[in-house]
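Only one structure is covered here, and it is reproduced in the block below.
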Amino acid sequence: MTLREITRALFFIEILKGLALTLKTMFTPAVTRRYPKVKRPVKPGFRGLHALAKDENGRMKCVGCGLCGAYCPSKCIYIYTSEGEDHTKTVDRYEIEVLRCIYCGFCVEACPFGAITLSEHYEYSDYSREPFYMTKEKLLANWDKYFTREKGRNYFKKFWRPLSEDFGTPEGQAVFKKRIQGVKE
Amino acid sequence: MKEIVQMIPFLGSIPLAVNIVVILINIAIVLAITLLHVAYATYWERKVIGHMQVRLGPIEVGWHGLLQPIADGVKLFFKEDIIPANSDKPLFYLAPVIFMVSALTSLSVLPFFDGFVIANINIGLLFLFAMSSLGAYGIILSGWASNSKYSFLGSLRSTSQVISYEIAMGLSLVGVMMTAGSLNLSDIVRAQQERWFVIPQFLGFFIFVVSAFAETNRLPFDLPEAESELVAGYFTEYSGFRFALFFLGEYTAMLIMSSIAALCFLGGWTIPAFITGWFPVLLKLPAWFWVVVFLAKVYAFMFFYYWVRATLPRYRYDQLMVIGWKILIPLALFNIVLTGTLRIMGVIRP
């Protein structure tokens with residue numbers, strides 16, 4: 723042992739260094755976020771509670787094609803459709819079992835109309851299972867709640883707009899979107 | 010009865026009943042104040058360690074979490090009292106009581122300020138040792154009675170640790186006794202009015218601090234509790250108010266160790282003579298004021314407890330034994346020889 727090592731051992735230099743560090747840390751501000759009082763800002767493109775989009779006229783965008791349900795890895799989307807008055811397809815029930823959802827966002831990607839979206843809302847704990855079974859009405863209400871204001875509109879535009887808006891189809895190819903619009907007219 | 014009363018010089022002059030009432034009031038005051046301090050010692054520890062780990066510590070209950078200890082107490086009081094089916098029931102009931110009582114009894118010989126001590130006995134220091142050893146019975150009985158492997162391992166560890174370090178601690182305080190020439194804690198404090206014993210007895214102080222950590226089962230020597238390996242050690246099976254008794258006992262023991270450190274090495278309620286020399290006003294303050302000085306020293310030492318806990322990892326068991334038997338005890342013996350030599354040479358005078 724050198725003299726240096728002996729002094730280090732004898733006067734607990736390492737321990738004293740550690741004590742100095744903890745004392746210094748004591749006077750630095752804490753990193754704790756006091757959650758219910760101070761909300762955590764969500765990351766861009768956060769995938770939270772689902773919502774069913776409405777168009778400008780306040781009508782549900784969903785046409786009941788069932789692509790989202792087919793795509794869903796956890797198979798938690800249930801869609802029931804029927805034939806309407808003028809032979810249009812009407813969506814009777816659109817239900818999501820939120821407790822089974824894994825928030826992958828595939829349903830949003832699958833939807834050609836941007837009819838299903840995920841909001842930034844993540845605080846929806848409850849005491850029973852029923853509130854987590856999202857019916858069509860609840861999902862539409864979610865849209866009014868989280869997407870009608872400026873922040874929600876921007877969020878939708880930035881992250882959840884339908885892919886068909888960005889990627890067009892080659893000329894001459896039969897286009898799903900157009901044909902649907904034709905039916906509407 | 011009268012003869013016994015006459016035998017005690019101070020009691021003979023006042024009727025016995027008044028004396029008993031006065032002593033009971035003293036005990037009530039000391040107990041109430043100490044338990045309050047113990048409760049807030051837990052709060053303070055959580056706060057200090059929290060901030061040292063860049064957290065906030067308790068903050069929601071009351072202003073800055075000040076009501077947290079009371080909330081904890083209420084919670085523990087109303088919790089279900091679970092007793093393991095195969096436990097040794099009488100011992101299971103008795104163990105926390107022994108632990109708590111031995112910790113609280115030690116309070117009776119501590120002089121909080123000049124003239125305020127419940128039992129001004131001549132063997133105060135020895136009494137403290139006896140009581141801290143008695144606490145080990147609570148620990149080993151709780152481990153045995155719980156009928157659980159974790160508890161038993163924890164209590165075995167604790168017992169061997171307490172026994173090992175008690176020797177070192179006792180020997181470290183022999184230096185203090187030799188320097189002060191008394192075992193009475195008030196006399197030891199009075200002997201330090203000129204100069205604190207931490208200066209001539211720095212070796213003893215070091216040994217005392219290390220063994221005090223081990224004696225109270227605190228980090229870095231918390232092997233009996235060792236949350237990460239033994240769940241909670243000897244009180245794994247305890248719940249509700251029995252658990253609270255262990256918890257309070259541990260913190261009371263810490264408070265008492267800090268008090269011994271303050272009384273025997275840091276001058277108790279006194280302020281060094283050179284400071285009172287500069288500010289003679291201090292001497293005119295009433296006697297009870299000095300309890301603040303005493304508490305400041307106790308809390309400085311308590312803070313050191315927390316500080317070390319937030320810094321150091323746990324020692325291995327063989328390391329703990331090596332430190333106790335191969336380093337601290339020889340050092341303490343050397344300290345005694347050194348102190349004796351210095352006294353004969355006339356460097357240290359009582």
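So the sequence lines, in the order shown, correspond to chains P and D.
Start counting at 1 in the first sequence, then tack on 722, and there's your number in this note's numbering.
Start counting at 1 in the second sequence, then tack on 9, and there's your number in this note's numbering.
The C-beta atom is built at its ideal place from N, Cα and C for all residues, glycine as well.
Small disclaimer: the values here were computed from a predicted structure and weren't measured.
With 16 as the cutoff for other CB atoms within 10 Å, does residue i come out buried or exposed?
i: Ala37 of chain D; result: exposed
i: Leu743 of chain P; result: exposed
i: Asp386 of chain D; result: Here chain D comprises residues numbered 10 to 359, so residue 386 of chain D is not present and cannot be evaluated.
i: Leu337 of chain D; result: buried
i: Ala221 of chain D; result: buried
i: Ser804 of chain P; result: exposed
i: Ser850 of chain P; result: exposed
i: Lys900 of chain P; result: Caution is warranted here: a pLDDT of 49 is assigned to Lys900 of chain P, below 50, making its placement in the model unreliable, and the coordinate value is therefore given only provisionally. Lys900 of chain P comes out exposed.
i: Ala731 of chain P; result: exposed
i: Lys4 of chain D; result: With chain D covering 10 to 359 only, the question about residue 4 of chain D has no answer from this structure.
i: Gln201 of chain D; result: buried
i: Glu845 of chain P; result: exposed
i: Leu771 of chain P; result: buried
i: Ile197 of chain D; result: buried
i: Met354 of chain D; result: exposed
i: Gly904 of chain P; result: In this prediction, Gly904 of chain P scores a pLDDT of 44, lower than 50, which makes its location untrustworthy; no coordinate-derived value is stated.
i: Gly286 of chain D; result: exposed
i: Met178 of chain D; result: buried
i: Ala296 of chain D; result: exposed
i: Leu45 of chain D; result: exposed
i: Thr245 of chain D; result: buried
Identify, in the order they occur along the chain, each residue of the same chain with its Cβ nearer than 6 Å to the Cβ of residue i, setting aside the five sequence neighbours on each side.
i: Glu831 of chain P; result: none
i: Gly147 of chain D; result: Ala104, Ile107, Phe108
i: Leu789 of chain P; result: Ala832
i: Ala270 of chain D; result: Phe310
i: Gly66 of chain D; result: Arg55, Lys56, Gly59
i: Ile801 of chain P; result: Gly786, Gly788, Gly791, Tyr816
i: Met61 of chain D; result: Ala319
With H, G and I counted as helix, E and B as strand and the rest as coil, what does DSSP make of residue i?
i: Asp777 of chain P; result: coil
i: Lys761 of chain P; result: coil
i: Met10 of chain D; result: In this prediction, Met10 of chain D scores a pLDDT of 45, lower than 50, which makes its location untrustworthy; the coordinate-derived value is nonetheless stated afterwards. Coil.
i: Tyr2 of chain D; result: With chain D covering 10 to 359 only, the question about residue 2 of chain D has no answer from this structure.
i: Met723 of chain P; result: coil
i: Tyr174 of chain D; result: helix
i: Phe217 of chain D; result: helix
i: Phe288 of chain D; result: coil
i: Phe734 of chain P; result: coil
i: Val57 of chain D; result: helix
i: Ser96 of chain D; result: coil
i: Ile107 of chain D; result: helix
i: Ile91 of chain D; result: coil
i: Gly152 of chain D; result: helix
i: His843 of chain P; result: coil
i: Ala752 of chain P; result: coil
i: Leu329 of chain D; result: helix
i: His46 of chain D; result: helix
i: Ala271 of chain D; result: helix
i: Ile728 of chain P; result: helix
i: Asp848 of chain P; result: coil
i: Tyr102 of chain D; result: helix
If I measure Cβ to Cβ from residue i and keep anything under 7 Å in the same chain, skipping five residues before and after, which residues do I get?
i: Phe184 of chain D; result: A small correction: the amino acid at residue 184 of chain D is Gly; Phe does not occupy that position in the sequence shown. Same-chain partners within the cutoff: Gln210, Gly213, Asn344, Ile345, Thr348.
i: Lys906 of chain P; result: Caution is warranted here: a pLDDT of 45 is assigned to Lys906 of chain P, below 50, making its placement in the model unreliable, and no coordinate value can be reported.
i: Glu54 of chain D; result: Tyr315
i: Leu321 of chain D; result: Leu228, Pro229
i: Ala80 of chain D; result: Val70
i: Cys826 of chain P; result: Pro795
Please list, in chain order, the chain D residues whose beta carbon lies closer than 7 Å to that of residue i.
i: Val753 of chain P; result: Val63
In chain order, what residues of the same chain have a beta carbon less than 8 Å from the beta carbon of residue i, not counting five sequence neighbours either side?
i: Val785 of chain P; result: Lys811, Val813, Phe835, Ala837, Ile902
i: Asn95 of chain D; result: Asn156
i: Ser248 of chain D; result: Lys88, Glu89, Asp90, Ile91
i: Leu116 of chain D; result: Val39, Leu40, Thr43, Ile127, Thr261, Ile265
Which partner residues does residue i have in the DSSP bridge list?
i: Arg668 of chain P; result: Because chain P spans 723 through 907 in this model, residue 668 of chain P falls outside it and cannot be assessed.
i: Ile838 of chain P; result: P:Leu774
i: Phe250 of chain D; result: According to DSSP, Phe250 of chain D bridges with nothing at all.
i: Met856 of chain P; result: P:Ile818
i: Met782 of chain P; result: P:Lys776
i: Phe125 of chain D; result: D:Phe122
List the residues of chain P whose Cβ lies closer than 7 Å to the Cβ of residue i, in chain order.
i: His60 of chain D; result: Met748, Ala752
i: Ala319 of chain D; result: Thr744
Just the chain P side, please: which residues come within less than 8 Å of residue i by C-beta, in chain order?
i: Trp316 of chain D; result: Leu741, Thr744, Leu745
Which chain D residues sit within Cβ distance under 8 Å of residue i?
i: Ile737 of chain P; result: Thr320, Leu321
What does residue i reach in chain P if we use C-beta pairs closer than 9 Å?
i: Val57 of chain D; result: Met748
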